[in-house]
Amino acid sequence: MKDSSPWLALLVSLMAVLLTAFLTATALMLGGFSPVVALQALIEGSMGSIDNFLGVTLVRAVPLILTGLAVAVAFKSGVWNIGAEGQFYAGAIAAVWVGLSLGDYPSFFSIPAVFLAAALAGSFWAFIPALMRIRLGVGEVVTTILMNFVAIHLVSYLVRWPLQEERGVFPNTDLIVESVRLPKIIVGTGLHLGFLVAVMLTLGLAGFFNHTVLGFNLRSLGGSQEATRVSGRLNISSLLVVTFLLSGCLAGLAGGIEITGRTFALYEGLSPGWGYTAIAVALLANLNFKAVLLTGIFFGALEGGSGAMQREAGIPAAWVSGIEALVLLSVLASDRLFRRLLGSKWQLKLRESGSDG
Amino acid sequence: MVESFSLVVFFGAAIRLAVPLALAALGESITERSGVLNIGIEGSMIAGALCAALAALKWSSILLGMVFGALGGGLVALVFAIFVLGLNTDQIITGTATTLAGLGFTGALYQARFGMTGSVITLPVLRSFEVPILGDLPILGPIFFQQSVTVYLVYLLIPTLWYLLFNTSWGLELRSVGESPEVAEEAGIRVLLVRFIAIVSGGLMAGLAGAHLALDSGTFIENMSGGRGFIAIAVVVLGRWNPVWIAIAAVFFGAASALQFVFQSLGSNLPFPLFLMLPYLLTLIALSGWFGRAKAPAALTLPWPTKGR
């Protein structure tokens, strides 16, 4: 999925979406539902009104964009971070903890403090698998999955014991104070400042990867670690650490922003598996940061519209995670398909030119 | 006397809770021995649970429930195998996709069949029965030999798999494919076929694990696999890809979750989530080589064939 031209990447993504749409429509018809009604409800629910688009779709998209960026950063450099879920929770824990301990300071001080805590916590959660890979040669797939569960159980401990709400009845924390809550971008909608942060981070990352030496080195890490090693000028271990930390930092921020922007409290199941959906978000975007912005909104619309689909068309909301899986499988299949088709053509050309000379 | 009684109950519960983990982990260890890491067994497990529930409901039969549960898990693994072996797609991404697919489509099917509100379905329940003679042993009897049939199935699977892995030519082929597919192919072993069988076997067993979840609790709940497929992957690592150690590791994870129920029944306010966290931390420590080095199959997660395609 690397080194492909942007047009090919776009073609693969479009093909994947079409394939998913076709498979979903077929499955819906087999299940006795009308795909047209379903699509109408989905569009109506996710972008039928300004309120729905800003307050539902875009708000849903924020954690998906940020965790999607986290996955894209990692996968680009050959780091299989399956731990965005755990890093998200680490960030959320740090955010709620700092948010609750901070008194009533001005927002321009306390919100950056909470963001910093969330970013650091997410990075720390990714740092352990990083150390284990670099120092001990233990692959990060299993370790990041393990760290997810450590985080999930840590949340369920914190919200029942040390950080439980004041009355001690429900398994959630108290609400953070007003001054650490993100302001709304447009008053009267749910759309909070977190969306702007996500957009800015996306553009910043794209610039960083395309225009700085460190960004270039990180990209070369994904191309071929062997080549990077042989060239000898780069320290692979430190580049890997940077990748892990950056990825964890983004996922941690996603958790912090979810707390400060939407829920204002921590509870079990804060994320409905965004860390895993993020993999679909990043891959549909072909690991391109700017495209993650679009695919994040696309998945946000899917999740945001699923409620309406259930109400209006009677289609179970759980379909949506099925659709997310179909997107992933379609991306994989169409990527392979195009690669094979073009690969054979490419070889054909080479042979022709060979015969000329 | 009261204390020893509750200890027996605790260990019995640990064994029972270990069963789905052990089944899925034993299956996953076969898959991993062939050099394939299938992180999609969570999807196999939930599919197994739903298929088992539907079959058991239709025919009021535990046996058919287990058979269809295994088939459901195998079907999800088949999709994984087609992508990973047929299209040579990335194992990690494909596994994530099949997990999401399993959780999503079982939820959708369940809601479509039983309504959005999630009406409770009641299934025939796995009953525990006592093994003659062994069941009468003091302490050990109630812990190990007054259990349900799935527990005894695991007892049988451990030595069987161990024998298959280390004492048959099939086991040798499987392990060589996982260690070095190049060498295996030169020796005339059909790498993709071995991997196909290993993946589907892993899926069947994960499906069986799901069937146990449904039939042991007597109902199906959305997402009832609750991450056990991922836990099974940790169990394989902690058990060092060896059936005997995997079973012990599964009991360890089972004991951690059994503690939760003990604490609750004793009205204790000890923080059970910390105990639930313990096995994961221990697995991380085990991976760090604190108990000697655990070595994964060398070709794990690597694509095959490496070029072309």
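If you're matching them up, the sequences are chains A and B in order. Taken in order, the first sequence gives residues 17 to 373; the numbers are from this note's numbering. Taken in order, the second sequence gives residues 5 to 313; the numbers are from this note's numbering. We treat Cβ as the ideally placed atom computed from N, Cα and C, and that holds for glycine.
Item                                                                                                                                                                  : Value
List the endpoints of the continuous alpha helix (DSSP H) containing A:N97.                                                                                           : Element bounds for A:N97: n/a, residue is neither H nor E.
Would you say B:V239 reaches chain A, if we count a Cβ-Cβ gap shorter than 7 Å as a contact?                                                                          : no
Are any of the Cβ atoms in chain A nearer than 7 Å to that of B:L91?                                                                                                  : yes
On a Cα-Cα basis, can you pick out the residue from A:L70, A:L46, A:A41 that is closest to A:Q56?                                                                     : A:A41
What is the DSSP secondary structure of B:F133, reduced to helix, strand or coil?                                                                                     : strand
I want to see whether chain B comes within less than 7 Å of A:L179, judged by CB atoms only; does it?                                                                 : no
Any idea which residues DSSP pairs A:N188 with across the strands?                                                                                                    : A:Y283
Can you tell which of B:K62, B:T98, B:V248, B:G52 has the C-alpha that lies nearest to the C-alpha of B:L79?                                                          : B:G52
Under 9 Å, CB to CB, which of the residues in the region 304 to 334 of chain A have a partner in chain B?                                                             : Q326, G330, I331, P332, A333, A334
Within 10 angstroms of its Cβ, does B:P185 collect 16 or more other Cβ (buried), or is it exposed?                                                                    : buried
Quick one, are the C-beta atoms of A:F104 and A:G291 less than 7 Å apart?                                                                                             : yes
Just checking: is the beta-carbon of A:W96 within a distance shorter than 7 Å of some beta-carbon in chain B?                                                         : yes
By the 9 Å beta-carbon criterion, what residues does the region 275 to 301 of chain A contribute toward chain B?                                                      : G289, Y292, T293, I295, A296, L299
Who are A:L208's beta bridge partners in DSSP?                                                                                                                        : At residue 208 of chain A the sequence reads His, which differs from the Leu that was named. A:H208 pairs with A:K200.
With a threshold of 7 Å between beta carbons, is A:H227 in contact with chain B?                                                                                      : no
Closer than 7 Å by beta-carbon distance: list the chain A residues that pair up with B:F109, in chain order.                                                          : G338
Assuming contact is defined by CB atoms lying nearer than 7 Å, are B:P24 and B:I162 in contact in what I supplied?                                                    : no
Which first and last residues belong to the alpha helix (DSSP H) in which A:M325 is found?                                                                            : 305 to 329
Is B:F84 near B:T102, with beta carbons less than 7 Å apart?                                                                                                          : yes
Is the CB of B:F133 under 7 Å away from at least one CB in chain A?                                                                                                   : no
Looking only at its own chain, which residues have a Cβ that is under 7 Å from the Cβ of B:I237, when we skip the five neighbours before and after it?                : E32, I43
If contact means a Cβ-Cβ distance below 9 Å, which residues of the region 40 to 57 of chain A contact chain B?                                                        : A43, G47, G48, F49
Which residues in the same chain as A:V175 place their Cβ atom closer than 8 Å to its Cβ, once the five residues preceding and following it in sequence are excluded? : P187, N188, T189, L282, Y283, E284
For a contact meaning CB atoms closer than 7 Å, what does A:V166 contact in chain B?                                                                                  : M281, Y284, L285
With a 10 Å radius around its C-beta and 16 neighbouring C-beta atoms as the bar for buried, classify A:N164 as buried or exposed.                                    : buried
Examine chain A for any beta-carbon lying closer than 7 Å to the beta-carbon of B:P275, and answer yes or no.                                                         : yes
Work out the CA separation of B:A56 and B:A215 for me, nearest whole Å.                                                                                               : 5 Å
Let me make sure I understand the geometry here. Which of B:P142, B:T126, B:I235, B:V88 has the alpha-carbon closest to that of A:T160?                               : B:I235
Residues of chain B with CB closer than 9 Å to the CB of A:A341, please, in chain order.                                                                              : G47, T100, A101, T102, T103, L104, A105, G106, L107, G108, F109
Opposite B:Q151 in the DSSP bridges: which residues?                                                                                                                  : B:F133
Among A:L217, A:V215, A:T259, which residue has its Cα nearest to the Cα of A:S236?                                                                                   : A:T259
Of the choices A:L35, A:A32, A:T36, A:S65, whose alpha-carbon is the least far from that of A:A324?                                                                   : A:S65
When the Cβ atoms of the region 88 to 100 of chain A are set against those of the region 335 to 352 of chain A, are three or more pairs found closer than 8 Å?        : no
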